[in-house]
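Data block below; observations after.
Number of protein chains: 2
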Amino acid sequence: MYGNDPNMSKQKISIHEVARLAGVSKSTVSRVISDKGGSVSHETLEKVQKAIEQLGYRKNIVAAGLRTQKTYMVLVMIPDVANPFWSEIARAVQDTLEPEGYSVVIGSTYWSEERESRYYELAQMARFDGVILNSVTDNIDLIKNLGVPAVLIGERSAAQNIDTVGTDTLQATKIGMEYLYETGHRKIALATSDHGSERYLSLRARAYKDFLHEKGLPFDPALLFSVNLDAEGGRELAKQLLGLQNWAERVDSLFCGNDIVAITAMNELRKYGIIAGIDLSIIGMDDVPASSQTYPPLTTVRKPRERIGVAAAQLLLRRMQDPLGAVEKHLFPGELAIRDTVIDRRKKR
Amino acid sequence: MYGNDPNMSKQKISIHEVARLAGVSKSTVSRVISDKGGSVSHETLEKVQKAIEQLGYRKNIVAAGLRTQKTYMVLVMIPDVANPFWSEIARAVQDTLEPEGYSVVIGSTYWSEERESRYYELAQMARFDGVILNSVTDNIDLIKNLGVPAVLIGERSAAQNIDTVGTDTLQATKIGMEYLYETGHRKIALATSDHGSERYLSLRARAYKDFLHEKGLPFDPALLFSVNLDAEGGRELAKQLLGLQNWAERVDSLFCGNDIVAITAMNELRKYGIIAGIDLSIIGMDDVPASSQTYPPLTTVRKPRERIGVAAAQLLLRRMQDPLGAVEKHLFPGELAIRDTVIDRRKKR
DNA sequence: GAAAAATTTGGGAACGTTCCCTTTTTTTGA
DNA sequence: TCAAAAAAAGGGAACGTTCCCAAATTTTTC
Numbered sequence: 009m010y011g012n013d014p015n016m017s018k019q020k021i022s023i024h025e026v027a028r029l030a031g032v033s034k035s036t037v038s039r040v041i042s043d044k045g046g047s048v049s050h051e052t053l054e055k056v057q058k059a060i061e062q063l064g065y066r067k068n069i070v071a072a073g074l075r076t077q078k079t080y081m082v083l084v085m086i087p088d089v090a091n092p093f094w095s096e097i098a099r100a101v102q103d104t105l106e107p108e109g110y111s112v113v114i115g116s117t118y119w120s121e122e123r124e125s126r127y128y129e130l131a132q133m134a135r136f137d138g139v140i141l142n143s144v145t146d147n148i149d150l151i152k153n154l155g156v157p158a159v160l161i162g163e164r165s166a167a168q169n170i171d172t173v174g175t176d177t178l179q180a181t182k183i184g185m186e187y188l189y190e191t192g193h194r195k196i197a198l199a200t201s202d203h204g205s206e207r208y209l210s211l212r213a214r215a216y217k218d219f220l221h222e223k224g225l226p227f228d229p230a231l232l233f234s235v236n237l238d239a240e241g242g243r244e245l246a247k248q249l250l251g252l253q254n255w256a257e258r259v260d261s262l263f264c265g266n267d268i269v270a271i272t273a274m275n276e277l278r279k280y281g282i283i284a285g286i287d288l289s290i291i292g293m294d295d296v297p298a299s300s301q302t303y304p305p306l307t308t309v310r311k312p313r314e315r316i317g318v319a320a321a322q323l324l325l326r327r328m329q330d331p332l333g334a335v336e337k338h339l340f341p342g343e344l345a346i347r348d349t350v351i352d353r354r355k356k357r
Numbered sequence: 009m010y011g012n013d014p015n016m017s018k019q020k021i022s023i024h025e026v027a028r029l030a031g032v033s034k035s036t037v038s039r040v041i042s043d044k045g046g047s048v049s050h051e052t053l054e055k056v057q058k059a060i061e062q063l064g065y066r067k068n069i070v071a072a073g074l075r076t077q078k079t080y081m082v083l084v085m086i087p088d089v090a091n092p093f094w095s096e097i098a099r100a101v102q103d104t105l106e107p108e109g110y111s112v113v114i115g116s117t118y119w120s121e122e123r124e125s126r127y128y129e130l131a132q133m134a135r136f137d138g139v140i141l142n143s144v145t146d147n148i149d150l151i152k153n154l155g156v157p158a159v160l161i162g163e164r165s166a167a168q169n170i171d172t173v174g175t176d177t178l179q180a181t182k183i184g185m186e187y188l189y190e191t192g193h194r195k196i197a198l199a200t201s202d203h204g205s206e207r208y209l210s211l212r213a214r215a216y217k218d219f220l221h222e223k224g225l226p227f228d229p230a231l232l233f234s235v236n237l238d239a240e241g242g243r244e245l246a247k248q249l250l251g252l253q254n255w256a257e258r259v260d261s262l263f264c265g266n267d268i269v270a271i272t273a274m275n276e277l278r279k280y281g282i283i284a285g286i287d288l289s290i291i292g293m294d295d296v297p298a299s300s301q302t303y304p305p306l307t308t309v310r311k312p313r314e315r316i317g318v319a320a321a322q323l324l325l326r327r328m329q330d331p332l333g334a335v336e337k338h339l340f341p342g343e344l345a346i347r348d349t350v351i352d353r354r355k356k357r
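Residue numbers (the working numbering), protein chains in the order written: chain A, 9 to 357; chain B, 9 to 357.
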């Protein structure tokens with residue numbers, strides 16, 4: 009039993025073979041197969057198509073791209089394919105770019121600068137038609153020097169001259185805070201990260217402080233927890249919270265930087281008998297798929313992943329068409345996904 | 009403010025420019041930049057490298073591929089990038105293929121035959137060096153006619169002559185059953201699907217029946233539920249179970265075809281006061297990330313996604329090197345992830 | 001020290017398309 | 001009917017590499 013059928017080979021059917029069989033020139037065949045059809049008579053069109061059919065010919069887009077300077081490939085560079093947040097964005101990009109004839113290549117950087125620059129290399133060598141990326145390093149010059157239309161995902165204000173699509177973190181944080189406030193919470197703790205992009209921290213923390221100020225609530229620095237935005241960070245958060253002197257007096261709600269942190273913190277706290285939605289309000293951010301499957305289901309601020317992906321793809325499409333058009337920035341609002349981890353404290357007051 | 013820096017352009021630095029600056033021929037430059045270094049004197053090597061540096065030259069691998077017939081691109085065709093099961097496999101593939109110099113393109117078929125054939129088209133046009141795929145349609149001939157080394161992910165015995173990597177579903181089902189039996193369960197229900205690949209159903213159902221027979225337990229056809237393996241299916245399953253006449257007498261445990269079904273069924277049943285791990289034992293299959301975050305955490309049979317991805321990549325690597333080597337099939341065992349949804353009924357007996 | 005051998009270099013074809021320009025054929029119009 | 005215009009088809013260069021073979025140069029050998 010062997011790997012490949014020996015008689016499958018011979019797959020070197022090119023435009024020449026088609027031309028010969030159809031009794032026309034390569035140029036004519038090219039006219040038939042290329043999108044921008046030059047004028048071909050109906051008669052020869054049929055002859056050529058029949059020959060293509062008969063030989064099972066497939067156009068080699070790599071070779072075509074050599075001449076046209078188009079690869080019909082787009083790179084999506086994200087931190088982690090296996091993270092639902094990013095893979096759903098990638099999916100949305102793919103969904104909107106493929107109907108336009110582009111293939112989408114996904115590259116995972118795993119938050120590493122080295123991998124990131126490997127992908128930049130690849131982008132320059134493989135000559136993608138465009139790039140959609142979330143960069144850990146805020147190296148804008150690098151991105152601009154790619155020599156390829158690029159769209160950034162994220163909310164870096166540093167990126168002055170590059171198209172950007174992202175969530176409005178300020179607003180997303182604010183609506184979460186607002187919801188807690190409305191439901192009667194006045195002692196709100198925030199857990200966020202100073203790891204990774206510092207923009208994120210400052211945006212969330214800024215929105216947090218602004219909100220407190222707006223409502224005339226006191227700012228207690230001890231309630232601003234700094235943890236990594238992963239499972240470990242969630243456990244750490246639970247520990248830090250419980251370590252706080254008479255914490256139950258000081259905090260009635262916990263706003264977590266993302267869902268992973270919220271979920272693991274919630275599960276960790278349960279071990280000490282503290283039940284989210286009963287003893288303490290918890291709200292997350294992102295709305296990953298797992299959030300609706302926890303018990304109790306997690307209330308969270310949903311980031312519009314799909315809209316982000318679609319918008320990034322459309323922006324890139326426009327940019328590839330017109331490389332010199334004006335730069336655009338799209339910030340989408342987060343929206344509340346109300347489930348069961350936030351207590352309605354209004355009755356009790 | 010405009011999209012691209014006007015002076016970035018002019019990015020048409022080719023081997024010719026390098027040759028001219030270094031004062032050598034294109035052939036010599038080619039020798040320097042191609043992997044399989046032909047003999048070049050130390051002196052000229054330096055000259056060329058300096059010229060490359062100076063001009064910021066990047067080799068165009070697309071053009072090179074035209075001549076060498078290598079694209080250094082591999083297609084991974086999976087049903088859904090946004091599903092952790094598949095994205096983790098993709099990640100593993102990427103991790104093992106990239107160090108070998110390959111770029112990995114991920115294609116999501118969303119279980120649609122039409123999309124699948126679109127990817128087959130692409131594979132033929134873009135001339136990937138290899139393909140790793142999970143096919144909904146069991147069209148083996150189509151895959152063999154790709155004219156490209158291919159590795160299948162799954163457990164189709166129909167695929168006689170193609171390298172295959174997958175989970176040993178028979179064994180995975182069996183260890184789950186075994187665990188239920190060990191913990192004192194004698195009335196085991198199975199929920200699986202007849203949607204999608206029929207192999208799966210028959211394998212799981214076969215393992216189920218075999219196990220019952222082996223242990224001398226009666227087979228009750230009413231306990232073999234057929235539902236889709238998604239969230240909807242989980243709710244449907246709960247409904248079907250509760251609709252069963254005095255079900256509490258007839259079933260003490262529920263083996264679900266995958267975790268999504270198990271989790272949603274569990275959450276649905278809770279609404280009727282039936283708590284997994286207390287009133288009913290539930291066991292899933294796959295071990296998706298959410299499974300450890302449910303309450304109570306789900307006991308499940310873990311499929312070795314990472315090993316599958318790595319093995320598929322390595323197999324493909326071997327196949328690309330030696331297209332005519334003997335076909336290999338790797339089936340990896342599932343392993344039990346014991347958490348809290350299975351009751352220990354031994355004490356009670 | 002010259003022939004032989006080995007090493008290094010260069011010239012051009014080739015990969016499979018597209019594109020520009022020219023030639024041939026068909027259609028149009030008076 | 002014949003010139004002019006329009007449409008269709010062909011020929012070859014070009015895209016940026018690699019590869020083969022031949023030429024030039026250096027090194028080895030007797």
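Backbone N, C-alpha and C fix where the C-beta goes; we use that ideal spot for every residue, glycine too.
Give me the Cβ distance between residue i and residue j, rounded to the nearest whole Å; I'm assuming they're in contact under 8 Å.
i                      : j                      : result
residue 94 of chain B  : residue 88 of chain B  : 6 Å
residue 274 of chain B : residue 349 of chain B : 7 Å
Kindly list, in the order they appear in chain A, the residues whose Cβ is closer than 8 Å to that of residue i.
i                      : result
residue 279 of chain B : None at all; the shortest Cβ gap to chain A is about 11 Å.
residue 312 of chain B : Those within 8 Å of residue 312 of chain B in chain A number zero; the least Cβ separation is about 15 Å.
residue 291 of chain B : Chain A residues near residue 291 of chain B: none, gap ~16 Å exceeds 8 Å.
residue 360 of chain B : Within the shown structure, residues of chain B are numbered from 9 to 357, placing residue 360 of chain B beyond reach of any answer.
Can you give me the start and stop residues for the beta strand (DSSP E) that residue i sits inside?
i                      : result
residue 310 of chain B : 307-310
residue 344 of chain B : 343-345
So what does DSSP say about residue i, is it helix, strand or coil?
i                      : result
residue 290 of chain A : strand
residue 50 of chain A  : helix
residue 204 of chain A : Because residue 204 of chain A sits at a pLDDT of 47, beneath the cut-off of 50, its placement in the model cannot be relied upon, and the following sentence gives the value as read from the coordinates. DSSP places residue 204 of chain A in coil when its eight states are reduced to three.
residue 229 of chain A : helix
residue 163 of chain A : coil
residue 117 of chain B : coil
residue 336 of chain B : coil
residue 33 of chain A  : coil
residue 23 of chain B  : helix
residue 135 of chain A : coil
residue 235 of chain A : coil
residue 171 of chain B : strand
residue 111 of chain A : strand
residue 82 of chain A  : strand
Does the beta carbon of residue i fall short of 7 Å from some heavy atom of the ligand MG?
i                      : result
residue 179 of chain A : Ligands in the displayed structure: none, and consequently the ligand MG is not present.
Which residues bound the alpha helix (DSSP H) around residue i?
i                      : result
residue 103 of chain A : 92-105
residue 323 of chain A : 313-329
residue 267 of chain A : 267-278
residue 72 of chain A  : 69-76
residue 256 of chain B : 255-258
residue 180 of chain A : 177-190
residue 154 of chain A : Unbroken run through residue 154 of chain A: none, as it is neither H nor E.
Can you pull the chain B neighbours of residue i, defined as C-beta to C-beta under 8 Å?
i                      : result
residue 71 of chain A  : 74
residue 245 of chain A : Per Cβ cutoff of 8 Å: no residues; residue 245 of chain A is ~15 Å from chain B at best.
Run through chain A and tell me which residues come within less than 7 Å of residue i, C-beta to C-beta.
i                      : result
residue 133 of chain B : 66, 67, 68, 69
residue 79 of chain B  : 70
What does residue i reach in chain B if we use C-beta pairs closer than 7 Å?
i                      : result
residue 96 of chain A  : 90
residue 113 of chain A : 111, 113
residue 297 of chain A : 298
residue 102 of chain A : 116
Applying a beta-carbon distance threshold of less than 9 Å, which residues of chain A neighbour residue i?
i                     : result
residue 99 of chain B : 88, 89, 90, 116, 118
query = Does the region 345-354 of chain A come within contact of the region 190-200 of chain A, defined as at least 3 CB pairs closer than 8 Å?
reply = Touching, per the Cβ criterion.
ask   = Quick check: the region 32-39 of chain A against the region 53-61 of chain A, are there 3 or more CB pairs under 8 Å?
value = Touching, per the Cβ criterion.
ask   = Counting Cβ pairs closer than 8 Å, one from the region 318-337 of chain B and one from the region 287-296 of chain B, do we hit at least three?
value = The region 318-337 of chain B is not in contact with the region 287-296 of chain B.
inquiry  = Across the region 230-245 of chain A and the region 300-313 of chain A, are there enough close Cβ pairs to call them in contact, namely three or more that are closer than 8 Å?
reply    = By the C-beta criterion, the region 230-245 of chain A is judged not to be in contact with the region 300-313 of chain A, since fewer than 3 inter-stretch pairs fall below 8 Å.
At least 3 beta-carbon pairs within less than 8 Å: the region 151-170 of chain B vs the region 253-268 of chain B = At 8 Å Cβ cutoff, the stretches do not touch.
query = Between the region 321-337 of chain A and the region 103-120 of chain A, do three or more beta carbon pairs fall short of 8 Å?
reply = The answer is yes - the region 103-120 of chain A touches the region 321-337 of chain A, with three or more Cβ pairs under 8 Å.
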